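With the numbering used here as the guide, the letters of the sequence shown map in order to residues 73 to 188.
Below you'll find the structure, written out as structure tokens, and then a few comments.
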Amino acid sequence: MLPFQLLITPFLVKIVARTIPSVVSDILFKISLGSPLPMKRLSLALLVPGLIMFLIGVLLVVHPSVGLMLTEGLKNAEMLASLIKVMFLITGLSAIIIGIIFLLTAKLRMPSYLRY
Numbered sequence: 073m074l075p076f077q078l079l080i081t082p083f084l085v086k087i088v089a090r091t092i093p094s095v096v097s098d099i100l101f102k103i104s105l106g107s108p109l110p111m112k113r114l115s116l117a118l119l120v121p122g123l124i125m126f127l128i129g130v131l132l133v134v135h136p137s138v139g140l141m142l143t144e145g146l147k148n149a150e151m152l153a154s155l156i157k158v159m160f161l162i163t164g165l166s167a168i169i170i171g172i173i174f175l176l177t178a179k180l181r182m183p184s185y186l187r188y
């Protein structure tokens, strides 16, 4: 959930700051909200949790007993365990894909002499 909030929050803050100018001073708006997002950091903030979530999903695929242990004592434990597995796999994979897209766009925007 947190990686996707990193995508939406800056845009919401900009909208609120422009809609209600008394909340944010002009200097603060120009300094912090007027600058572009740090794409490399944002991509890493999506890639790392995405990899962790995807690895947890793979762990749940390889060892289904872990998923059943998480849902122990609940009705429909097998169905809930499979939903947890799918949730980790899809969320992790989508965060990885978005992180890679941001990393590639950051490299494309950067001048060639500054690329690593």
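Glycine included, every Cβ here is placed at the ideal spot set by N, Cα and C.
Bear in mind that the values here come from a model prediction, so they are computed numbers and not experimental data.
Environment of S115 [buried if 16+ CB atoms lie within 10 Å]: Buried: at least 16 other Cβ atoms inside 10 Å.
Inter-stretch contact (C-beta, 8 Å, three-pair minimum) for the region 156-171 and the region 117-130: Using a C-beta cut-off of 8 Å, the region 156-171 makes contact with the region 117-130, since at least three inter-stretch Cβ pairs fall below that distance.
Backbone CA spacing between G171 and V120 [nearest angstrom]: In this model, G171 and V120 are separated by some 9 Å (Cα to Cα).
Distance, A149 Cα to S137 Cα: Taking C-alpha positions only, S137 is separated from A149 by approximately 11 Å.
Test item: CB-CB of G122 and A178 under 8 Å: The answer is no: Cβ separation not under 8 Å.
Assigned exposure category for T163 - 16 Cβ within 10 Å defines buried: The residue in question, T163, is buried, as its Cβ has 16 or more Cβ neighbours within 10 Å.
Contained beta strand (DSSP E) runs [length at least 3] in the region 85-152, N- to C-terminal order: Segments of the beta strand (DSSP E) lying fully in the region 85-152: there are none.
Cα-Cα separation between L175 and A153, rounded to whole angstroms: Straight-line Cα distance between these residues: approximately 33 Å.
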